[in-house]
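Last residue of the sequence shown? That's 209 in numbering that gives the first Met the number 0, and every number before it is there in order.
Backbone N, C-alpha and C define an ideal beta-carbon position, used for all residues, glycine too.
Being a predicted model, the structure only gives us computed values, none of them experimental.
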Amino acid sequence: MSLRENLLLYLVTDPVICGPKGVVPVCREALKAGVRFLQLRDKSACTREMVETAGRLARMAEGFGAVFVVNDRVDVALASGARGIHLGDDDMPPALARKILGPEAVIGVSVRTREGAEIAWREGADYLAANIVFPTPTKPDPRKPLGLGGVKDLAEATPLPLVAIGGINRENAGKALAAGAAGVAVVSAIMGAEDPGKAVMELLEALGAR
């Protein structure tokens, strides 16, 4: 499976939204149902906790043929055996992350402008994330959502595959693909679902994969 194919349905974790079900069990259900790209995002855990969780998720993802990356924390990615890292506006440049993690690492970068997309491409990113597309409580941001027009603009800015993130659900996931995204990244639609496996299957159906 190519990176572009893996990116079709991209799950970002959130320990608060998944609640007592727990991040690892929810991710296991999601991977069984067809998620093939997984990002550990946890702004509250200490380094030891993150490394432990990341290690478990890295091994689990590998067993399903999925790509596993860590949000922001290059040290955690390196220590846990993750495939790579996802970087935001305030994180280290992709070129430096590549130097640390090596040539085979998968590096993603969140972008909002064509200029940002082009810089990330030149600095060695493997994929981009249009952040954010629709309003969402999981990523509070005073900036205006990009909308589908923003997705189209960013998808055309570079040859890199682009995922749409922010307020994605089964009603609008297909629209993001139609606008040029290679895939969609979701948080609440899976992490907060009563039945994460069923939520994954519904999203895959909306994306034309079932």
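Over the uninterrupted alpha helix (DSSP H) stretch that includes A205, give me the two end residues. Membership of A205 in the alpha helix (DSSP H) is indicated by the continuous run P195 to A205.
Quick one, are the C-beta atoms of A81 and A53 less than 8 angstroms apart? Less than 8 angstroms divides the Cβ of A81 from the Cβ of A53.
Extent of the continuous beta strand (DSSP E) to which S109 belongs: Per DSSP, S109 belongs to the beta strand (DSSP E) from V105 to V110.
Who are the near neighbours of V186 in its chain, counting only those whose CB is closer than 7 angstroms to its CB and skipping five residues on each side? Counting only Cβ-Cβ distances below 7 angstroms, and skipping sequence neighbours, we find V11, D13, I16 and T137.
How many Å lie between V22 and M190 at the Cα? Taking the Cα positions, V22 is about 8 angstroms away from M190.
Whole-angstrom Cβ separation of G196 and K20, contact assumed at under 8 angstroms? For a cut-off of 8 angstroms, the C-beta gap from G196 to K20 is around 12 angstroms, too long to register as a contact.
Does the distance from the C-beta atom of R3 to that of A184 stay below 8 angstroms? Against a cut-off of 8 angstroms, the Cβ pair of A184 and R3 comes out as no contact.
The beta strand (DSSP E) that contains V11, what's its start and end? Its beta strand (DSSP E) spans residues L8 to V11.
Measure from the alpha carbon of A178 to the alpha carbon of each residue in P102, V69, R35 and A163, then state which is nearest. Distances from the CA of A178 to each of P102, V69, R35 and A163 were compared; the closest alpha carbon is that of A163.
Separation of G87 from A57, as counted between CA atoms: The straight-line gap from Cα to Cα measures roughly 21 angstroms.
In chain order, which continuous runs of the alpha helix (DSSP H) of length 4 or greater are located wholly inside the region 74–160? 93–100, 113–121 and 146–156, all fully within the region 74–160.
Mind checking who A163 pairs with in its DSSP beta bridge? In the DSSP output, where bridge partners are listed per residue, A163 has A129 and V183.
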